[in-house]
Amino acid sequence: MKVLICDATAQAALDMISEAGIEVVNKPDITPEELLEEIAEYDAMVVRSRTKVRKPVIDAATKLKAIVRGGVGLDNIDVKYAGTKGIQVLNTPSASTAAVAELAIGYIFALARNIPQMTTSMGDGEWAKKSFSGTEIAGKVLGLVGIGRIGQSTGQKANALGMTAIAYDPFVDEADGIELVESLNDLLARADYISLHVPYTKETHNILDANAFAKMKDGVNIINCGRGGTIDEDALFDAIKSGKVAGAALDVYTEEPSMGHKLYTLDQVIGSPHIGAGTVEAKARVGTEVAKNVINALKG
Ligand code: NAD
Numbered sequence: 317m318k319v320l321i322c323d324a325t326a327q328a329a330l331d332m333i334s335e336a337g338i339e340v341v342n343k344p345d346i347t348p349e350e351l352l353e354e355i356a357e358y359d360a361m362v363v364r365s366r367t368k369v370r371k372p373v374i375d376a377a378t379k380l381k382a383i384v385r386g387g388v389g390l391d392n393i394d395v396k397y398a399g400t401k402g403i404q405v406l407n408t409p410s411a412s413t414a415a416v417a418e419l420a421i422g423y424i425f426a427l428a429r430n431i432p433q434m435t436t437s438m439g440d441g442e443w444a445k446k447s448f449s450g451t452e453i454a455g456k457v458l459g460l461v462g463i464g465r466i467g468q469s470t471g472q473k474a475n476a477l478g479m480t481a482i483a484y485d486p487f488v489d490e491a492d493g494i495e496l497v498e499s500l501n502d503l504l505a506r507a508d509y510i511s512l513h514v515p516y517t518k519e520t521h522n523i524l525d526a527n528a529f530a531k532m533k534d535g536v537n538i539i540n541c542g543r544g545g546t547i548d549e550d551a552l553f554d555a556i557k558s559g560k561v562a563g564a565a566l567d568v569y570t571e572e573p574s575m576g577h578k579l580y581t582l583d584q585v586i587g588s589p590h591i592g593a594g595t596v597e598a599k600a601r602v603g604t605e606v607a608k609n610v611i612n613a614l615k616g
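So the sequence shown is numbered by our numbering: it starts at 317 and just counts up by one.
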């Protein structure tokens, strides 16, 4: 039995799979063309978000029993079509929860105290003590759009820091210690910080658009460590320019990779290149779960 590793995966995971008697072929930079040519040889494949597994790959994968995604989002895989071919699609849903929630909390602090902007200023040789005035996060309302694993974890950490976490999620009836609001409009009207933790779907496409920004409190801060495509980025740009939005912290973008994004011409925007799950601990957990998924799928 053979598994193809298509995206960077922890060595410990590859060792676990080999020790279970499954041959591991590690090609973390495989191109779409190479993947199409080679996939017929494999019983399982491991991907993160880089490798796209659509109909042509699935059609070519005549022996494939499992597609294992290290991470949560399955938007790079045609899950329905894989199902019609009897191919299991497995992910590692909980492994990155703490890492993403901690990044979202880190961004709340960074936005409140202008930490990245002050670092840049110090690097420029300035001592701009009077230019930077921060705010405290205690007593502020954090509005969570989506209250699944990461939304819950972010909300609980925020509550522990003295914030009041509220959430909008039409698919959830109860959230531990977090008030659920009736509608997105309720959340927009009350939140000082809005943090997105929803998958990208037809309903969440540009869920924060110009109309939504108009309903927010003046000086609101926006955080997106969820999925790209959930914020209308042009509308966010305008809302920052107009002063409606005080700042935004982004880990995910409508188009990725995103280089030279116009939002980064604004001092109020801080962010990262989709590294929400990029902690040592989360990578290790993802690796272990990936290995278990491959072994279970191929060896029962
Ligand atoms: P989850 O499935 O546990 O939670 C998602 C929640 O969104 C669910 O409770 C669901 O009911 C809710 N939801 C769906 N549609 C909605 C809508 N229209 N309005 C409001 N709520 C809606 O997922 P999770 O593990 O909490 O992950 C949340 C997001 O974070 C996912 O999109 C995932 O891909 C992303 N993520 C990002 C990174 C990163 O590196 N930045 C890492 C891991 C996960």
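For every residue, glycine included, the Cβ atom is placed at its ideal position computed from N, Cα and C.
Note that the structure is a prediction, hence the values are computed from the model and not measured.
Looking from the CA of residue 535, the closest CA among 474, 506, 514, 476 belongs to 506. Taking 4 residues as the shortest admissible run, the region 505–588 contains the following complete alpha helix (DSSP H) segments, listed from N- to C-terminal end: 526–530, 549–557.
If one requires a minimum length of 4 residues, the alpha helix (DSSP H) runs lying completely within the region 430–515 are 431–439, 465–476, 500–506, in chain order. For residue 351, the enclosing alpha helix (DSSP H) has its first and last residue at 348–354. With a cut-off of 7 Å, the C-beta of residue 486 is classified as near the ligand NAD, since at least one heavy atom of the ligand falls inside that distance.
DSSP places residue 342 outside any alpha helix (DSSP H); the residue lies instead in the beta strand (DSSP E), whose first and last residues are 339–342. Among the bridge pairs identified by DSSP, residue 382 is matched with 360, 404. In the structure shown, residue 368 falls within a coil segment according to DSSP collapsed to helix, strand and coil.
Within the model, the alpha-carbon separation for residue 460 versus residue 575 is close to 27 Å. Residue 342 places its beta carbon 8 Å or farther from that of residue 355.
When rounded, the separation of the alpha-carbon atoms in residue 429 and residue 565 is 13 Å.
Between residue 467 and residue 602, the C-beta gap is not smaller than 8 Å, which leaves the two residues out of contact. In terms of Cβ geometry, residue 477 and residue 454 form a close pair [threshold 8 Å]. The straight-line gap separating the alpha-carbon atoms of residue 349 and residue 497 is approximately 47 Å. Here the C-alpha atom of residue 558 lies approximately 20 Å from the C-alpha atom of residue 433. Per DSSP, residue 614 is one residue of the alpha helix (DSSP H) stretching across 596–615. Here DSSP, grouped into helix, strand and coil, assigns residue 393 to strand.
The way I'd put it, the region 413–420 doesn't touch the region 436–447; fewer than three beta-carbon pairs between them come closer than 8 Å. Ranked by Cα distance from residue 411, the first of 396, 403, 385 is 385.
Rounded to whole angstroms, residue 352 and residue 579 show a C-alpha spacing of 36 Å. Nearest neighbour of residue 572 by Cα position, chosen from 543, 561, 550, turns out to be 543. Linking residue 317 to residue 375 through their CA atoms gives a straight-line distance of about 19 Å. In this model, residue 513 and residue 540 are separated by some 7 Å (Cα to Cα). With distances taken between CA atoms, residue 517 lies nearest to 391 out of 612, 391, 400.
Residue pairing by DSSP places residue 319 opposite 340, 360 in a beta bridge.
Between residue 499 and residue 484 a beta carbon distance of about 7 Å is seen, short of the 8 Å cut, so the two are scored as contacting. Annotated three-state conformation of residue 413 is helix, per DSSP.
For residue 333, the enclosing alpha helix (DSSP H) stretches over residues 327–335.
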